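Residue numbers (the UniProt record's numbering): 1 to 406.
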């Protein structure tokens, strides 16, 4: 068995100074990739080419880096086929993401795309992938990546829980804590829009009053105005819809100004950098997340416990205790999905062809009970996410760690 060919392009394409020529980039391979490429030409097995686009720099870098680390841990084969994996950086930028997707499709002839790390670049990739008949497995959180299921979006699939499912679990917790009034701070991206829309709809149905709504840019370094607005509205809780380290900015400002109510976040901040940035000030923060974040604490009958523990053991064994994040786990789940569906596609067509890409799209859409650290997936023509309640648990930040709320 040959090891997978892993090609890593520069992580900061916008700054060419000191960078190697493009001809040298393709030589940046893991574990004797040059020899693999030569030997692979005589292999009887087909080769799957996977293009991975991640946010390795920019505001979403804390999401993209654990995903890149995870891709490096992917097994040598996917679905029984030798894999060539190419990783590109979109710098957290939709325009760059679209360019990288076009490059992977036209130059590298990829069979499938994985990425991006967040919603806006993922949406940009959807347009390119769909126009070129290439399936996409997105690690971004917004349902705008896959809805409505028409045009290019029929080629797109999304791993993180839909906003409605995450909000539903959070509202259950709010009601248990007798929260009646909530203030909202939402990032000005499709991610923030999706969560805001879902919460507005469900809060009204559940009799929860939204006392104030503020928006904040992903790259804003101050949240003073938003914090003052929240405190003036006197909510029982503040629900922040953001991602990565930018999600900590409004929370830190609220705490600095003496806010004593409950603070809810979304799965967008579930990584070690968020905990490190906020420190002890984050204690008590609540968020609905995929179960892998607290894999060891899950009951034994939870179907995600075994795959979650396997992933955490592998990841933290390589990168250190406490380094897990949902954004690495989504990259592992992308592997699980492709490993489960590539065999069916390979029975219908040869990798590297339009027929194979179409067959892989159909196989992804037909996934049933595919278990991963993120949850259990059942796709359909109307649902290109496929998660149910098994994909969300309530977690609290306690002494810099994630604790399962029963």
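Where is the CB? At the ideal position from N, CA and C, for every residue including glycine. No experiment lies behind these values; they were computed from the predicted model shown.
Please go through the same chain and pick out, in chain order, the residues whose beta-carbon is closer than 6 Å to the beta-carbon of residue i, but skip the five residues on each side of it.
| i | result |
| --- | --- |
| residue 389 | none |
| residue 246 | 59 and 218 |
| residue 386 | 377, 378 and 379 |
| residue 275 | 400 |
| residue 405 | 394 and 396 |
| residue 273 | 62 and 245 |
| residue 226 | 185, 214, 216 and 250 |
| residue 22 | With a pLDDT of 42 at residue 22, under the threshold of 50, the predicted position of this residue should be treated as unreliable, and no value is reported. |
| residue 32 | Summary for residue 32: the model assigns pLDDT 34, below 50, so the residue's position carries little reliability; its value from the coordinates is reported in the next sentence. Cβ neighbours of residue 32 beyond the five flanking positions: none. |
| residue 336 | 372 |
Output needed for residue i: all residues of its chain with C-beta closer than 8 Å, excluding positions within five of it in sequence on either side, in chain order.
| i | result |
| --- | --- |
| residue 17 | Any reading at residue 17 needs caution, since the residue's pLDDT is 37, under 50, leaving its predicted position unreliable; the model's value is listed next. Closer than 8 Å at Cβ, skipping near neighbours: no residue. |
| residue 356 | 111, 345, 346, 348, 349 and 350 |
| residue 193 | 142, 144 and 186 |
| residue 403 | 294, 297, 395, 396 and 397 |
| residue 316 | 322, 323 and 324 |
| residue 103 | 88 |
| residue 235 | 181, 182, 183, 211, 212 and 261 |
| residue 196 | 184, 186, 213 and 241 |
| residue 303 | 371, 376 and 390 |
Terminal residues of the continuous beta strand (DSSP E) containing residue i?
| i | result |
| --- | --- |
| residue 419 | Residue 419 is absent from the model: the chain starts at 1 and stops at 406. |
| residue 84 | 81–89 |
| residue 92 | Where residue 92 is concerned, there is no enclosing beta strand (DSSP E), given that its DSSP letter is neither H nor E. |
Under DSSP, the alpha helix (DSSP H) around residue i begins and ends at which residues?
| i | result |
| --- | --- |
| residue 378 | Residue 378 -> no alpha helix (DSSP H), and no H or E assigned at all. |
| residue 360 | 354–365 |
| residue 57 | Counting along the chain, residue 57 falls outside any alpha helix (DSSP H), and DSSP gives it neither H nor E. |
| residue 351 | Per DSSP, residue 351 belongs to no alpha helix (DSSP H) and is neither H nor E. |
| residue 173 | 163–176 |
| residue 64 | 61–71 |
If you drop the 5 nearest sequence neighbours on each side, which residues of the same chain put their C-beta closer than 7 Å to that of residue i?
| i | result |
| --- | --- |
| residue 270 | 287, 289, 293, 325 and 326 |
| residue 223 | 216, 249, 250 and 253 |
| residue 189 | 119, 120 and 218 |
| residue 14 | Unreliable positioning characterises residue 14 in this predicted model, as indicated by a pLDDT of 45, which lies under 50. A coordinate reading is not provided. |
| residue 333 | 159, 372, 373 and 374 |
| residue 65 | 56 |
| residue 398 | 283 |
| residue 330 | 67, 139, 159, 160 and 374 |
| residue 80 | 343 |
| residue 101 | 53, 113, 125, 128 and 129 |
Which residues does DSSP list as the beta-bridge partners of residue i?
| i | result |
| --- | --- |
| residue 181 | 209 |
| residue 426 | Look at the range of the chain in this structure, 1 to 406, and you will see that residue 426 is not part of it. |
| residue 47 | 82 |
| residue 158 | 138 |
| residue 186 | 215 and 241 |
| residue 77 | 82 |
| residue 383 | 380 |
Are the C-beta of residue i and some C-beta of chain B separated by less than 8 Å?
| i | result |
| --- | --- |
| residue 178 | The structure shown has no chain B; it contains just one protein chain. |
Segment contact, 8 Å Cβ cut-off, at least three pairs: the segment 114–132 with the segment 81–96: yes
Cβ contact (3+ pairs, closer than 8 Å) linking the segment 256–270 and the segment 196–209: no
Inside the segment 261–334 only - alpha helix (DSSP H) runs reaching at least 4 residues: 272–278 and 305–319
The segment 151–165 in contact with the segment 131–139 per 3-pair CB rule at 8 Å: yes
Segments assigned beta strand (DSSP E), at least 3 residues, entirely inside the segment 192–257: 209–216 and 237–241
Stretch-stretch touch, CB-based, cutoff 8 Å, three pairs: the segment 300–314 with the segment 45–56: no
Complete runs of the beta strand (DSSP E) confined to the segment 103–155 [at least 3 residues]: 112–115 and 136–138
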